[in-house]
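> Before I ask anything, here is the structure I am working with.
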Amino acid sequence: MRILGIETSCDETALAVVDDGRAVLANLISSQAHLHERFGGVVPEVASRAHLENLNPLLDLALRESGTTLKDIDAIAVTVGPGLVGALLVGITAAKALAFALGLPLIGVHHLEGHIYANVLAHGAIEPPFVAFLVSGGHTMLVHAPEPFRYRILGQTLDDAAGEAFDKVARFLGLGFPGGPELDRLAMMGDPDAIRFPRAVTQRGYDFSLSGLKTAVVRHVTAERGRGREPALEDVAASFQEAVVEVQVDKTLAAARDTGVATIVLGGGVVANTRLRALMSTRAEQAGIRLFTPPPELCTDNGAMIACAGFYRLSRGDRTALDVGASPGLPLG
Amino acid sequence: MLVLGIETSTPQTSVALGSETGVVAASLLATGPASHELVVSEVARALDRAGMPRSALTAVSVGLGPGLFTGMRVGVAAAKAMAQGLGVPIVGFASLDLIAFSVRYCRRLICVAVDGKRKELFFAFYRPVPGGVTRTTEFEAAGPGRLVAELIARLEDILLVGNGTLVYRRELEEAGKHVEIASAAFGFPSATTLVELAIPRLQREDFDRLYDLRPNYVRKSDAEIAWDSRRRAD
Ligand SMILES: Nc1ncnc2c1ncn2[C@@H]1O[C@H](COP(=O)(O)OP(=O)(O)OP(=O)(O)O)[C@@H](O)[C@H]1O
Ligand SMILES: [Mg+2]
């Protein structure tokens, strides 16, 4: 079954053609980062306008690259939430119109379920139960999946999502946008033990908080400069990253232990982070847990993960009606 | 020829199907944001009612605004994807032109003004000509005060039409006795007009390019406006 996946929930217009939830024939992403950079964050109206302009040419490109025509497509999968309502609406409306014009089934996909299924693209079907750690620009979330398509949220961020915190700290340090990858690169040259930033481990349960850490970074840099010293930014980056990642790994492993699962699945843009990948992999191995991590290029938003999740939803008989709307706050589960 | 019209740039969403011999099915919704979600299923319903398969569609005609940003995008996204999926040509029309066209038999200057939110209207002036109207100004986005000044400056009888008159009736009445405000029944662009206007363009193969067709926003996004004014201040 050949599925066209469409993702427009934030600032990437992404389209993919995927066979049977596994073979990625085309996976095109038109990043709008350059449009939003001067504003220091994603501007919803700017994002929505760009999605509309990108979609149709991107569809032709995706078809060409996958050696497919519209006649070969068997279903359309699209992100229906969560995300920016105006941005979602462009992708959803186009998906519905295409599904209708071509007489194909439509399947709406939860964006975070898409991030989970990025793993399936790379590793094949993953049997529940598992714990998923979803960490991206808008989410930091620990989820228990006791059976297929069932999700129970164990904990989430009380303030900034991890990607958001990476982006803000990167901006404060004068790095580019989006800041996560830049900070990751800078941190590779720094000493993670240079500065002992606070770990928010004292919080109960599986919730996360990064506002204290963010403030600590700002305070440290400002204090150093007040003393007439320019702090080594690579050390600040590495130490900040270490503080974020340590807590994330601790809590994810605790969640797996407490729910009694032997599988951990990672998803979301921040999973592209080299330190998170490395530490999670070491600690999972020590604990005898199977860890699934998408390749970095499938961590950030893409259409292939949506096509993949859509394939599994369709296979169990799910269908989405043509009057579906955008769900900016769609809960997972 | 079977043309699909989609118009979503005001709070009235409409779709219509028709040919050289007239409209064969149409539907109109004014249910707020939910009407955006119903555009595609309304197209399906209209085809059902007309007893036609979707493969009978030979072209898509879409309203490009100016108007409500989200609405325009829904209409244009639906129309473009429909045209691409069916492999048929697409034509776009300014939504204000549709309103002017629907009152073309009045022998007066026409001013079309639709509500643009943010305390602004989108407006333009038109003259009736044999067979239709011609627009004599660019589209402008401005508050009701500016529109009143434009109306006063013109020393001839004017028909003022568009859903902007529903929102700013009191202010606009200040313009004077030479301005008549048309009834709300004429105040919204309609997909049936889109079908009617599309036919001659389709007959002479005056299509729009799918990739280039986009809503007529007229106004930049708030973030861009703020950015521009900060730059000017620096
Ligand atoms: N190597 C990296 N290290 C840290 N953060 C990263 C890295 N690469 C990407 N990110 C962060 O990932 C985020 C983007 O992830 P993603 O595309 O999944 O987010 P989103 O779709 O905007 O949010 P959500 O999925 O919650 O709706 C950005 O905040 C970016 O900075
Ligand atoms: Mg994402």
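Residue numbers (our numbering), protein chains in the order written: chain P, 19 to 351; chain A, 10 to 243. All C-beta atoms, glycine included, are put in the ideal place defined by N, C-alpha and C.
As an exercise, report each continuous beta strand (DSSP E) stretch of at least 3 residues that is fully enclosed by the region 267-332 of chain P, in chain order.
281-285 and 308-310
> Does any heavy atom of ligand 1 sit closer than 8 Å to the C-beta of residue 235(P)?
Locating residue 235(P) in the first sequence gives position 217, where the first residue counts as 1. Checking every heavy atom of ligand 1 against the Cβ of residue 235(P), none is found closer than 8 Å.
> If distances are taken between C-alpha atoms only, which option among 94(P), 101(P), 225(P) and 66(P) comes closest to residue 20(P)?
Here residue 20(P) refers to the residue found at position 2 of the first sequence. Comparing Cα-Cα distances from residue 20(P) to each of 94(P), 101(P), 225(P) and 66(P), the minimum goes to 94(P).
> For residue 88(P) and residue 183(A), I'd like the C-alpha separation in whole angstroms.
Here residue 88(P) corresponds to residue number 70 of the first sequence, with the count starting at 1. Here residue 183(A) corresponds to residue number 174 of the second sequence, with the count starting at 1. Roughly 56 Å separates the two Cα atoms.
> Is there a C-beta anywhere in chain P that falls below 9 Å from the one on residue 129(A)?
By 1-based counting over the second sequence, the position of residue 129(A) is 120. Answer no: the Cβ-Cβ gap between residue 129(A) and chain P never drops below 9 Å.
> Count the C-beta pairs between the region 61-71 of chain A and the region 86-98 of chain A that are closer than 8 Å, then say yes if the count reaches three, no if not.
yes
> Hey, would you say residue 326(P) sits closer than 9 Å to residue 135(P), going by beta carbons?
Counted from its first residue, the first sequence places residue 326(P) at position 308. Counted from its first residue, the first sequence places residue 135(P) at position 117. It is a contact, given that the beta carbons lie within the stated cut-off.
> Starting from residue 93(A) and walking both ways along the alpha helix (DSSP H), at which residues does that stretch end?
Along the second sequence, read from residue 1 onward, the residue named residue 93(A) stands at position 84. Counting along the chain, the alpha helix (DSSP H) containing residue 93(A) begins and ends at 78-95.
> Rounded to whole angstroms, what's the CA-CA distance from residue 202(P) to residue 296(P)? Just pull it up for me.
On the first sequence, residue 202(P) is found 184 positions in, with the first residue counted as 1. On the first sequence, residue 296(P) is found 278 positions in, with the first residue counted as 1. So the alpha carbons of these two residues sit roughly 12 Å apart.
> Whose C-alpha, out of 36(P), 230(P), 114(P) and 236(P), is nearest the C-alpha of residue 191(P)?
Taking the first sequence and counting its residues from 1, the one referred to as residue 191(P) is at position 173. The shortest C-alpha to C-alpha distance from residue 191(P) to any of 36(P), 230(P), 114(P) and 236(P) is the one to 236(P).
> In chain P, which residues lie with their C-beta within 7 Å of the C-beta of residue 241(A)?
Within the second sequence, numbered from 1, the residue matching residue 241(A) stands at position 232. Annotation: residue 241(A) has no Cβ neighbours in chain P at a cutoff of 7 Å; minimum Cβ distance is about 15 Å.
> Which residues in chain P have a C-beta closer than 7 Å to the C-beta of residue 21(A)? List them in chain order.
Numbered from 1 along the second sequence, position 12 holds the residue referred to as residue 21(A). The premise fails here: residue 21(A) is roughly 18 Å from chain P at the closest Cβ pair, so nothing lies under 7 Å.
> Decide if the region 65-77 of chain P is in contact with the region 299-309 of chain P; the criterion is three or more beta carbon pairs, one per stretch, under 8 Å apart.
no
> How about the region 116-135 of chain P and the region 283-298 of chain P: do they share at least three Cβ pairs that are nearer than 8 Å?
yes
> Using Cβ-Cβ distances below 7 Å, what residues of the region 175-205 of chain P are close to chain A?
Residues of the region 175-205 of chain P with a C-beta less than 7 Å from any C-beta of chain A: none at all.
> State yes or no: is the C-beta of residue 28(P) nearer than 8 Å to some heavy atom of ligand 2?
Residue 28(P) sits at position 10 when you count from the first residue of the first sequence. Yes; taking the cut-off as 8 Å, the Cβ of residue 28(P) has a heavy atom of ligand 2 nearer than that.
> Between residue 100(P) and ligand 1, is the CB less than 8 Å from at least one heavy atom?
If you number the first sequence from 1, residue 100(P) lands on position 82. At least one heavy atom of ligand 1 is nearer than 8 Å to the Cβ of residue 100(P), so yes.
> Check residue 175(P) in the structure and name its three-state DSSP category.
One-based indexing of the first sequence puts residue 175(P) at position 157. Strand.
> Unbroken beta strand (DSSP E) runs of length 3 or more, entirely within the region 61-120 of chain P: which are they?
93-99
> Quick one: residues with CB closer than 5 Å to any heavy atom of ligand 1, in chain order, please.
28(P), 154(P), 155(P), 156(P), 157(P), 181(P), 184(P), 185(P), 196(P), 198(P), 199(P), 202(P), 286(P), 287(P), 288(P), 290(P), 291(P), 318(P) and 319(P)
> By a C-beta neighbour count over all protein chains shown, 10 Å radius and 16 as the cutoff for buried, is residue 143(P) buried or exposed?
Against the first sequence, residue 143(P) aligns to sequence position 125. By the neighbour-count rule (16 or more Cβ atoms within 10 Å), residue 143(P) is not buried but exposed.
> Going residue by residue through the region 170-240 of chain A, where are the continuous beta strand (DSSP E) segments of at least 3 residues, counting only ones entirely within it?
188-190
> Return no unless some Cβ of chain P is closer than 9 Å to the Cβ of residue 98(A).
As a first step, residue 98(A) must be located in the second sequence, where it is residue number 89. No, its Cβ sits nowhere closer than 9 Å to a Cβ of chain P.
> Counting only beta-carbon separations shorter than 9 Å, does residue 80(P) have a partner in chain A?
Here residue 80(P) refers to the residue found at position 62 of the first sequence. Not one chain A Cβ lies under 9 Å of residue 80(P).
> Does the distance between the C-beta of residue 129(P) and the nearest non-hydrogen atom of ligand 2 fall short of 8 Å?
For the purposes of this step, residue 129(P) is taken as residue 111 along the first sequence, with counting starting at 1. The answer is yes for residue 129(P).
> Measuring only from the beta carbon, is residue 133(P) closer than 8 Å to any heavy atom that is part of ligand 2?
Residue 133(P) sits at position 115 when you count from the first residue of the first sequence. Yes; taking the cut-off as 8 Å, the Cβ of residue 133(P) has a heavy atom of ligand 2 nearer than that.
> Could you please give me the residues that DSSP links to residue 47(P) through a beta bridge?
Counting from one through the first sequence, the residue named residue 47(P) turns up at place 29. Answer is 32(P), bridged to residue 47(P).
> Round the Cβ separation of residue 80(A) and residue 45(A) to the nearest angstrom and send it over; I've been treating them as touching at under 8 Å.
Within the second sequence, numbered from 1, the residue matching residue 80(A) stands at position 71. Within the second sequence, numbered from 1, the residue matching residue 45(A) stands at position 36. Yes, they are in contact, since the Cβ atoms of residue 80(A) and residue 45(A) sit about 6 Å apart, within 8 Å.
> Taking residue 316(P) as the reference, which of 97(P), 138(P), 128(P) and 77(P) has the closest Cα?
Counting from one through the first sequence, the residue named residue 316(P) turns up at place 298. Checked all of 97(P), 138(P), 128(P) and 77(P); the closest Cα to residue 316(P) is 138(P).
> Among the residues of its own chain, which have a CB less than 6 Å from the CB of residue 127(P), if the five just before and after it don't count?
The residue you call residue 127(P) lines up with position 109 of the first sequence. Closer than 6 Å at the Cβ level, and outside the excluded window around residue 127(P), lie 95, 97, 324, 327 and 328.
> Between which two residues does the alpha helix (DSSP H) containing residue 240(P) stretch?
The residue labelled residue 240(P) in the question sits at position 222 within the first sequence. Residue 240(P) -> alpha helix (DSSP H) spans 229-244.
> What do you reckon, are the CB atoms on residue 155(P) and residue 185(P) nearer than 9 Å?
Stepping through the first sequence from its first residue, residue 155(P) is reached at position 137. Stepping through the first sequence from its first residue, residue 185(P) is reached at position 167. The answer is yes: Cβ separation under 9 Å.
> Taking the runs of the alpha helix (DSSP H) that are 4 residues or longer, which of them lie wholly in the region 10-89 of chain A?
Listed in chain order, the complete alpha helix (DSSP H) runs (minimum 4 residues) inside the region 10-89 of chain A are 42-46 and 48-59.
> In angstroms with no decimal places, state the Cα-to-Cα distance between residue 221(A) and residue 258(P).
In the second sequence, residue 221(A) corresponds to position 212, counting from 1. In the first sequence, residue 258(P) corresponds to position 240, counting from 1. Roughly 45 Å separates the two Cα atoms.
> Kindly indicate the opening and closing residues of the alpha helix (DSSP H) around residue 124(A).
Stepping through the second sequence from its first residue, residue 124(A) is reached at position 115. Premise fails: residue 124(A) lies in the beta strand (DSSP E), 118-124, not in any alpha helix (DSSP H).
> Does the Cβ of residue 281(P) lie closer than 8 Å to at least one heavy atom of ligand 4?
Looking for ligand 4 in the displayed structure turns up nothing; the ligands present are ligand 1 and ligand 2.
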